[in-house]
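*Asks:*
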Amino acid sequence: MQNIFDLFRLDNKIALVTGAATGIGASIAEALAQAGATVAVHGNRRPATETAEAIGSKAVAFQADLSTQQGAEQLFTEVKDKLGRVDILINNAGTIIRHNAVEYPLDDWQTVLQVNLTSVFQLSQLAGRDMIGRNTGGKIVNIASLLSFQGGIRVPAYAASKGGVAQLTKALANEWAVKGIQVNAIAPGYISTTNTEPLQADETRNRQILERIPAGRWGQPLDIAGAALYLSCAASDYVTGTVLTVDGGWMGR
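Here the sequence shown stands for residues 22 to 274, numbered as in our numbering.
(1) Are G159 and I212 closer than 9 Å when you measure CB to CB?
(2) Let me check one thing: in DSSP terms, what residues is G64 bridge-paired to?
(3) What is the C-beta distance between A255 and L28, in whole angstroms, given that I count them as a contact (C-beta under 8 Å)?
(4) DSSP state of P219, grouped into three classes?
(5) Near G185, which residues of its chain fall below 7 Å by C-beta distance, leaving aside the five closest residues on each side in sequence?
(6) Is it buried or exposed, L168, if we count other Cβ atoms within 10 angstroms and call 16 or more buried?
(7) Measuring only the C-alpha atoms, how far is W197 from P219?
(8) Using only alpha-carbon positions, find the residue among T225, E232, N205 and A114 that is nearest to D258.
(9) Could you pull out every residue in the same chain whose Cβ sits closer than 6 Å to the Cβ of S140, ignoring the five residues on either side in sequence?
(10) Given a threshold of 16 other Cβ atoms within 10 Å of its Cβ, counted over all protein chains shown, does T72 qualify as buried or as exposed?
(11) With DSSP run on the structure shown, which of helix, strand or coil describes L144?
(12) Looking only at its chain, what residues have a beta carbon closer than 8 Å to the beta carbon of L231, apart from the 5 residues adjacent to it on each side?
(13) Inspect the beta-carbon positions of I245 and I25 and report whether they are closer than 9 Å.
(14) If you follow the beta strand (DSSP E) that K160 is in, where does it begin and where does it stop?
(15) Give the single residue among A248, R66 and L144 whose Cα lies nearest to the Cα of R106.
(16) Can you tell me the Cβ-Cβ gap for A41 and G64, rounded? I've got them flagged as a contact below 8 Å.
(17) Just how far apart, CA to CA, sit I35 and I76?
(18) Quick one: what's got a C-beta closer than 6 Å to Q84's C-beta in the same chain, skipping five residues either side?
(19) Quick one: any contact between the stretch 117-128 and the stretch 54-63, if contact means 3 or more CB pairs under 8 Å?
(20) Report the residue from Q241, T98, R66 and V60 whose alpha carbon sits nearest the alpha carbon of A80.
(21) Since I believe G262 is in contact with K191 (beta carbons under 8 Å), could you give me their beta-carbon distance rounded to a whole number of angstroms?
(22) Taking the beta strand (DSSP E) that L110 belongs to, which residues open and close that run?
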């Protein structure tokens with residue numbers, strides 16, 4: 022009988038985690054390394070060297086600007102040249118810019134869409150093409166958002182991009198399942214990171230958020246890392262095209 026825990030091992034796997042300098046991305050990278058993977062940790066404007074140093078010999082740091090059209094291909098090429106291949110792709114890098122919709126600058130719209138959606142497609146296309154060419158299968162996990170389902174306020178570009186991530190996940194899953202590539206997404210709820218510190222510090226908003234979350238607490242990056250490990254390993258080989266909410270019950274409220 023096969024040991025169920027063996028299905029969660031990632032020995033001899035190469036994983037690329039974007040946006041891994043801090044927060045959710047760093048936690049996912051650490052979890053994959055603990056499960057046995059060698060991890061390429063990507064930093065966008067901020068290098069991911071601290072994450073790589075924390076992980077140790079199982080990690081290599083890379084830096085590329087995913088807000089440019091060339092950033093994704095540059096990153097993927099460098100990872101392949103250094104580590105040989107990518108078996109697991111975690112599209113975690115993202116950005117958010119807030120404006121009232123009637124005043125939203127087109128440049129900011131384009132930046133958010135490039136980082137949050139277009140680079141996700143570019144990296145997925147590069148990884149999928151390589152996985153299919155090697156006939157090895159693989160795993161792609163996209164980080165979506167509660168705003169894949171809801172509209173938000175003053176974040177039209179972010180909501181549009183994360184809605185797009187959810188639909189892109191399903192589209193790629195439909196095409197690549199027969200190739201042994203599972204494509205899924207995680208939609209985090211309110212997670213305690215540096216990005217959400219202003220919300221946590223706002224007494225009124227923090228109270229309103231906690232009152233809406235059935236679990237009664239903010240999520241932690243490790244909550245997302247556990248879901249990412251599951252979707253990256255053999256235990257989820259029959260799971261594809263899914264957007265998994267990890268939100269303390271927010272969407273069920």
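Glycine included, every Cβ here is placed at the ideal spot set by N, Cα and C.
Note that this is a predicted model, so its numbers are computed, not measured.
*Replies:* With the structure as the only source:
(1) For the purposes of this step, residue 159 is identified with residue 138 of the sequence shown, where counting begins at 1. For the purposes of this step, residue 212 is identified with residue 191 of the sequence shown, where counting begins at 1. Cβ atoms of G159 and I212: not closer than 9 Å.
(2) One-based indexing of the sequence shown puts residue 64 at position 43. As a beta-bridge residue in DSSP terms, G64 pairs with Q84.
(3) For the purposes of this step, residue 255 is taken as residue 234 along the sequence shown, with counting starting at 1. For the purposes of this step, residue 28 is taken as residue 7 along the sequence shown, with counting starting at 1. That pair is a contact at about 4 Å.
(4) As a working mapping, residue 219 is identified with position 198 in the sequence shown. Per DSSP, reduced to three states, the secondary structure at P219 is helical.
(5) To locate residue 185, count along the sequence shown from 1; it is residue 164. Within the same chain, and ignoring the five residues on either side of G185 in sequence, the residues whose Cβ sits closer than 7 Å to its Cβ are L138.
(6) Mapped onto the sequence shown, residue 168 falls at position 147. Around the beta carbon of L168, 16 or more other beta carbons lie within 10 angstroms, which makes this residue buried.
(7) What you label residue 197 is simply residue 176 of the sequence shown in a count that begins at 1. What you label residue 219 is simply residue 198 of the sequence shown in a count that begins at 1. Near 40 Å, if we compare the C-alpha coordinates of P219 and W197.
(8) For the purposes of this step, residue 258 is identified with residue 237 of the sequence shown, where counting begins at 1. Of the candidates T225, E232, N205 and A114, the one whose C-alpha sits nearest the C-alpha of D258 is N205.
(9) Translated into the one-based positions of the sequence shown, residue 140 becomes position 119. L87 and A93.
(10) Reading the sequence shown from its first residue, position 51 is the one you call residue 72. By the Cβ neighbour-count rule, T72 is buried, with 16 or more other Cβ atoms within 10 Å of its own.
(11) Sequence index remark: in the sequence shown, residue 144 carries index 123 (1-based). Helix.
(12) Within the sequence shown, the letter at position 210 stands for residue 231. Counting only Cβ-Cβ distances below 8 Å, and skipping sequence neighbours, we find G237, R238 and W239.
(13) The residue you call residue 245 lines up with position 224 of the sequence shown. The residue you call residue 25 lines up with position 4 of the sequence shown. The answer is no: Cβ separation not under 9 Å.
(14) Counting from 1 along the sequence shown, the entry for residue 160 is found at position 139. Run containing K160: G159 to I164, per the beta strand (DSSP E) assignment.
(15) Taking the sequence shown and counting its residues from 1, the one referred to as residue 106 is at position 85. The shortest C-alpha separation from R106 is found at L144.
(16) On the sequence shown, residue 41 is found 20 positions in, with the first residue counted as 1. On the sequence shown, residue 64 is found 43 positions in, with the first residue counted as 1. With 8 Å as the limit, A41 and G64 qualify as a contact, their Cβ atoms being about 7 Å apart.
(17) Mapped onto the sequence shown, residue 35 falls at position 14. Mapped onto the sequence shown, residue 76 falls at position 55. Rounded to the nearest angstrom, the two C-alpha atoms are 14 Å apart.
(18) Taking the first residue of the sequence shown as 1, we reach residue 84 at position 63. Result list for Q84: G64 and P68, in chain order.
(19) Because the criterion of three Cβ pairs below 8 Å is not met, the stretch 117-128 and the stretch 54-63 do not touch.
(20) In the sequence shown, the residue the question calls residue 80 occupies position 59. It is V60.
(21) If you number the sequence shown from 1, residue 191 lands on position 170. If you number the sequence shown from 1, residue 262 lands on position 241. Correct: roughly 5 Å between the Cβ atoms.
(22) Taking the first residue of the sequence shown as 1, we reach residue 110 at position 89. Per DSSP, L110 belongs to the beta strand (DSSP E) from I109 to N112.
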